[in-house]
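>
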Amino acid sequence: MDDKAMSCGCCKKRVVGLLFSLLMLCFAVVFLTFAIKNVKTMISDCKKIYYCLDYNFINRQTDEDIVTRAAHLRECNNEVLLKYIMNSLDFCNNRKLFIDINNQIILFLDLYRVPNNNYRLVRLYNGYLSVCAGFSNMERLSDNVINFHNYLKKKNIEFIYVIAPHKNYKYLSLQPYGVKDYENENCERMIARWNNRICYLDNREIFKQTPQKHYDYFYKIDTHWKVQYVFLSYCQIMTYMAKQFDVCFEKELQDINNFSVYTLPDRYESELGGFFRDREKMLYLKPLFPVKQSIYSEGCAGNNPITGINYRGPYDMSKCDKFYPTAYVVNPNAANRKKLMVIGDSFSPQVMSLLSLSFTDIEFHSTNTYEGILSEDIERFKPDYVICIFTSRQVSAPVFDSFSTPD
12 MDDKAMSCGC CKKRVVGLLF SLLMLCFAVV FLTFAIKNVK TMISDCKKIY YCLDYNFINR
72 QTDEDIVTRA AHLRECNNEV LLKYIMNSLD FCNNRKLFID INNQIILFLD LYRVPNNNYR
132 LVRLYNGYLS VCAGFSNMER LSDNVINFHN YLKKKNIEFI YVIAPHKNYK YLSLQPYGVK
192 DYENENCERM IARWNNRICY LDNREIFKQT PQKHYDYFYK IDTHWKVQYV FLSYCQIMTY
252 MAKQFDVCFE KELQDINNFS VYTLPDRYES ELGGFFRDRE KMLYLKPLFP VKQSIYSEGC
312 AGNNPITGIN YRGPYDMSKC DKFYPTAYVV NPNAANRKKL MVIGDSFSPQ VMSLLSLSFT
372 DIEFHSTNTY EGILSEDIER FKPDYVICIF TSRQVSAPVF DSFSTPD
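In my numbering, the protein residues as written are 12 to 418.
Right, dumping it as structure tokens:
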């Protein structure tokens with residue numbers, strides 16, 4: 012029986028090895044074909060430029076004026092350069108194909124470290140993609156948050172720091188062997204450094220007793236939480252504020268059954284290619300009762316411009332779920348006629364959208380695009396409450412730099 016099992020295992024390894032060899036052979040043929048074709052083209056173009064230079068500057072047979080000769084040279088070079096530019100654009104258009112091929116290899120070889128220039132991506136043991144954080148002593152961010160809290164306290168503004176959950180869960184880690192993720196350790200260092208001076212809500216504790224639900228409420232490939240998790244965080248915030256600040260948290264807003272879940276066409280382009288990524292659509296919540304709101308933002312003039320918005324109409328979470336550097340959301344019929352400022356990373360827009368059901372005036376700053384000075388915006392808006400929402404992989408948040416203690 013053992014011999015049969017061993018024989019079967021050897022056969023599987025041989026089949027996998029053969030398939031992998033054939034795959035590599037196909038890649039080699041494709042790339043060699045491209046290489047030979049490009050070499051021939053480059054030689055031909057070099058010859059064309061050489062003959063043009065030779066005619067105009069070395070073996071010129073006629074005494075043409077310099078303007079005519081320069082025009083001839085310019086025409087030749089433009090012809091060649093234009094072709095190279097167009098070939099480059101064609102190659103860029105085929106970039107998706109190469110990304111798909113690359114990530115098919117990742118899946119085929121069952122790799123857990125996923126190459127990416129922007130993040131340390133890993134595939135957890137359940138197949139979900141997660142971002143790993145590097146080590147940080149968290150001193151700078153922790154101290155800046157404390158200084159920010161003290162600044163708000165002097166102005167009688169209540170402050171809450173919300174820790175959004177990390178995908179590789181604190182109570183059920185599925186990170187692959189050999190991968191070190193300092194996410195939760197960094198967060199614990201930050202909390203310890205606060206030493207009970209900061210009011211914070213830790214979303215990592217929501218599914219402590221049922222950790223598998225944590226993964227069920229995350230997208231598989233996108234690293235963000237689903238709206239069900241967002242709703243729980245919103246309820247956690249409002250429950251705390253109702254207890255501490257006598258804020259009204261209406262009963263119809265406490266039950267997710269009073270909301271419908273809907274989807275729109277997926278707006279995210281995956282750097283991992285279409286084959287790697289499941290066809291997940293982003294989820295949104297819509298109240299089953301009428302809510303009217305206004306959303307205004309001038310957008311962003313930075314590297315990733317977001318189109319401005321001036322919207323008035325029914326509640327629409329998808330319109331708030333963008334990285335506006337500064338957005339204003341008004342709900343004149345909200346139970347709490349208070350001003351709330353929300354500051355956060357990419358986990359915060361949907362939470363902010365739900366908070367707009369409870370407060371008449373919200374100013375939102377997305378740290379992904381915000382370039383203003385926080386103290387100046389607070390002086391102008393004069394909020395009653397400030398809520399920060401960050402995942403614990405944020406080892407630094409430049410939005411708080413203006414509150415740094417001088418060295």
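Glycine included, C-beta positions come from ideal geometry on N, C-alpha and C.
Pull the bridge partners of HIS376 from the DSSP assignment, please.
DSSP lists ILE354 as partners of HIS376.
> Relative to the C-alpha of THR416, which candidate in ASN161, CYS37, VAL190 has its C-alpha closest?
Nearest option by C-alpha distance: ASN161.
> Below 8 Å on the Cβ atoms is my contact criterion, and I expect LYS393 with ASP372 to pass it. Report the Cβ-Cβ distance as a whole number of Å.
Going by Cβ atoms, the distance from LYS393 to ASP372 rounds to 10 Å, so no, they are not a contact pair.
> For ARG200, collect the residues of the same chain with a Cβ closer than 6 Å to its Cβ; drop the 5 residues on either side in sequence, then sort them by chain order.
Same-chain partners within the cutoff: MET149.
> From the DSSP output, in three-state form, read off GLU291 for me.
Residue state, collapsed to three classes: coil.
> Would you list the residues sitting across from ASN321 in a DSSP beta bridge?
The partner list for ASN321 (beta bridge, DSSP) reads TYR307.
> Going straight from the alpha carbon of VAL168 to that of MET352, what length do you get?
Position check: residue 168 holds Ile in this sequence, whereas Val was assumed. The straight-line gap from Cα to Cα measures roughly 10 Å.
> Would SER367 pass as a contact of CYS331 if the rule is Cβ separation under 9 Å?
Yes. Within cutoff.
> Between the beta-carbon of ILE202 and the beta-carbon of ILE157, is there less than 9 Å?
Result no, Cβ atoms of ILE202 and ILE157 do not sit closer than 9 Å.
> Assign THR402 to one of two classes, buried (16 or more other C-beta atoms within 10 Å of its C-beta) or exposed (fewer than that).
When all chains shown are included, THR402 counts as buried.
> Comparing the C-beta of ILE267 with each C-beta of chain C, is any distance below 9 Å?
The structure shown has no chain C; it contains just one protein chain.
> Look up ASN347 in the DSSP assignment and give the residues it is bridged to.
The partner list for ASN347 (beta bridge, DSSP) reads PHE370.
> In angstroms with no decimal places, state the Cα-to-Cα distance between TYR381 and VAL410.
The alpha-carbon atoms of TYR381 and VAL410 are separated by roughly 8 Å.
> Look up ASN104 in the DSSP assignment and say whether it is helix, strand or coil.
With a pLDDT of only 49 at ASN104, under the threshold of 50, the placement of this residue in the model should not be trusted; the figure read from the coordinates follows. ASN104: helix per DSSP, three-state reduction.
> Am I right that SER147 and ASN179 are in contact with their C-beta atoms under 8 Å? What's the rounded C-beta distance?
Contact doesn't hold; Cβ gap of about 16 Å is too wide.
> Give the single residue among SER364, VAL406, GLN255, THR234 whose Cα lies nearest to the Cα of PRO325.
Closest option to PRO325, Cα to Cα, is SER364.
> Flag this pair as yes or no: are the beta carbons of ALA144 and ARG391 separated by less than 9 Å?
No, they are not a contact pair.
> Scan the stretch 192-227 and note each continuous alpha helix (DSSP H) run of 4 residues or more that stays entirely inside, going in chain order.
Listed in chain order, the complete alpha helix (DSSP H) runs (minimum 4 residues) inside the stretch 192-227 are 194-205, 222-227.
> Helix, strand or coil for ILE384, going by three-state DSSP, please let me know.
If DSSP states are grouped into helix, strand and coil, ILE384 belongs with coil.
> Note down the Cα distance separating SER407 from HIS376, rounded to an integer number of angstroms.
Distance between the alpha carbons of SER407 and HIS376 is about 16 Å.
> Residue range of the beta strand (DSSP E) that MET271 falls in?
Strictly speaking, residue 271 in this sequence is Ser, with Met absent from that position. 270-274 is the extent of the beta strand (DSSP E) around SER271.
> Whole angstroms are fine: how far does the CA of GLN361 sit from the CA of MET328?
Distance between the alpha carbons of MET328 and GLN361: 7 Å.
> Just checking my contact of ILE174 with ARG215 at CB under 8 Å: how many whole Å lie between their CB atoms?
The pair is a contact, with the Cβ atoms about 6 Å apart (cut-off 8 Å).
> Give me the Cβ distance between TYR251 and LEU212, rounded to the nearest whole Å; I'm assuming they're in contact under 8 Å.
Rounded, the Cβ-Cβ distance is 6 Å, consistent with contact.
> Have a look at ASP356 and HIS235 and give me their C-alpha separation to the nearest angstrom.
Their backbone Cα atoms lie some 11 Å apart in a straight line.
> Mapping the DSSP letters down to three states, classify LYS165 as helix, strand or coil.
Of the three classes helix, strand and coil, the one that applies to LYS165 here is helix, per DSSP.
> Contact between the stretch 299-307 and the stretch 339-346: three or more CB pairs below 8 Å?
As far as the Cβ criterion goes, the stretch 299-307 touches the stretch 339-346, which means the pair count is three or higher.
> Starting from the C-beta of SER434, find all residues in its chain whose C-beta is less than 8 Å away, skip the five residues before and the five after it, and write them out in chain order.
No information on residue 434 is available, as it lies outside the stretch 12 to 418 that the chain covers here.
> List the whole-angstrom C-beta distance separating PRO298 from PHE270, where the pair is believed to meet the contact cut-off of C-beta under 8 Å.
That belief holds up - the Cβ atoms of PRO298 and PHE270 are roughly 6 Å apart, short of 8 Å.
> Taking only three categories from DSSP, how would you classify TYR245?
Helix at TYR245.
> Can you find the residues in the same chain that come closer than 6 Å, C-beta to C-beta, to PHE159, ignoring five residues on each side of it along the sequence?
PHE411, PHE414.
> Can you give the beta carbon distance from TYR228 to TYR245, rounded, assuming they're within the 8 Å contact cut?
Contact doesn't hold; Cβ gap of about 13 Å is too wide.
> Alpha carbons only, please: which of ASP233, LEU29, SER153 is nearest the one belonging to LEU294?
Nearest of ASP233, LEU29, SER153 to LEU294, Cα basis: ASP233.
> Based on Cα-Cα distance, which residue from MET249, VAL272, PHE334, ASN137 lies nearest to GLN223?
The shortest Cα separation from GLN223 among MET249, VAL272, PHE334, ASN137 belongs to ASN137.
> Use the C-beta contact count for CYS198: other C-beta atoms within 10 angstroms, 16 or more gives buried, fewer gives exposed.
When all chains shown are included, CYS198 counts as buried.
> Specify the secondary structure class of ASP253 as computed by DSSP and reduced to three states.
It should be pointed out that residue 253 corresponds to Ala in this sequence rather than to Asp. If DSSP states are grouped into helix, strand and coil, ALA253 belongs with the helices.
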